[in-house]
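A.B. asks:
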Amino acid sequence: MTHNIEKRINKLKTSGNPKFKKLDSDIHYLLKRFEGEKNHKGFYPKFKQGEIVFVDFGINVNKEFSNSHFAIVMNKNDSNTEDIVNVIPLSSKENKKYLKMNFDLKWEYYLRLFLNLISAQNNSAILKEVFDKKYQKNNTEFITKDYFSEFISDSLEIENKLNKIDRNINNIVSAIDKVKKLKGNSYACINSFQPISKFRIRKVLPQKIKNPVIDSSDIMLLINRINNNILQIPDIR
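Take the sequence shown: its position 111, counting from 1, is numbered 97 in this note's numbering, and each next residue is one higher.
#1: What whole-angstrom Cβ distance do Asn88 and Asp204 have, given they're in contact under 8 Å?
#2: How many Å lie between Arg98 and Ala111 at the Cα?
#3: Can you tell me the Cα-Cα spacing of Ser65 and Val73, whole angstroms?
#4: At the level of alpha carbons, what is the spacing between Gly44 and Lys(-3)?
#5: Do Ser77 and Cys175 have their CB atoms nearer than 7 Å?
#6: What residue from Lys92, Asn213, Leu113, Ala161 has the CA that sits closest to Asn102's CA?
#7: Within this structure, are the beta carbons of Val71 and Glu37 separated by less than 7 Å?
#8: Determine the contact status of Leu91 and Arg211, defining contact as a CB-CB distance below 7 Å.
#9: Consult DSSP for Tyr173 and reduce its assignment to one of helix, strand or coil.
#10: Below 7 Å CB to CB, which residues in the same chain sit around Ile151 once its five sequence neighbours on both sides are set aside?
This is the structure we're talking about:
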């Protein structure tokens, strides 16, 4: 039985279908999530309506969305106790069933990353400047035990702060490298509007950088497209 399952999994992995390229890691990810469900405390991240998130849709059947894609959160009033959000997946490929969005996703991410990179580099420069000004005296007659003790304490403190900033800069640079792969155009896949577990949402930007949020006019446009294409009810104005 086990051997037969392994054989079938290996056949899918070597089929040439990109959906099954990372089948091992997808299975591992699911097992990890299943095992962690019982230990979860019931507190979830909260998302804004129109927020763009990165979702691991997993491996799904036939034309259902699979693998990782950006998506737009459509919930009006999300909360930290809610474990499900409804999203519209985004694609970089044009399709007659998709709605072209009026924003450049690549630029939206670049802008946030660039501004935070400049801020981090400025903070690093300011810390070094303040430290250098305080300890620029070279005359040994000014060096007392208290002075030396304070110098050691400040040195350790600034080292910790600079290391933290360096880690932040490295995370930002790493995120910029990932964003390079994005294409400018984004299309909302209206027909794939669906609920997902918040466990499927992964962080692309460093922790303190907020995700892009689309305009309220674009949100209303998406709502009306869902109403027309899926629910077949009149536009909301």
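Just so you know, even glycine gets a beta-carbon here, dropped at the ideal spot from N, CA and C.
C.D. replies: Well, looking at it:
#1: By one-based count along the sequence shown, residue 88 stands at place 102. By one-based count along the sequence shown, residue 204 stands at place 218. By a beta-carbon distance limit of 8 Å, Asn88 contacts Asp204. Their separation comes to about 6 Å.
#2: Here residue 98 refers to the residue found at position 112 of the sequence shown. Here residue 111 refers to the residue found at position 125 of the sequence shown. Rounded to the nearest whole angstrom, the CA to CA distance from Arg98 to Ala111 is 20 Å.
#3: Residue mapping note: residue 65 aligns to position 79 of the sequence shown, counting from 1. Residue mapping note: residue 73 aligns to position 87 of the sequence shown, counting from 1. Roughly 15 Å separates the two Cα atoms.
#4: Taking the sequence shown and counting its residues from 1, one reaches residue 44 at position 58. Taking the sequence shown and counting its residues from 1, one reaches residue -3 at position 11. Spanning the two alpha carbons is a distance of roughly 18 Å.
#5: Position 91 of the sequence shown holds residue 77. Position 189 of the sequence shown holds residue 175. Contact: yes.
#6: Your numbering for residue 102 matches position 116 in the sequence shown. Ranking the options by Cα distance to Asn102, first place goes to Ala161.
#7: Position 85 of the sequence shown, counted from the first residue, corresponds to residue 71. Position 51 of the sequence shown, counted from the first residue, corresponds to residue 37. No, these two residues do not count as a Cβ contact at 7 Å.
#8: Within the sequence shown, residue 91 is the residue found at index 105, counting from 1. Within the sequence shown, residue 211 is the residue found at index 225, counting from 1. In this structure, Arg211 does not lie closer than 7 Å to Leu91 by Cβ.
#9: As a working note, residue 173 is residue 187 in the sequence shown. Strand.
#10: In the sequence shown, the residue the question calls residue 151 occupies position 165. Closer than 7 Å at Cβ, skipping near neighbours: Ala106, Asn109, Ser110.
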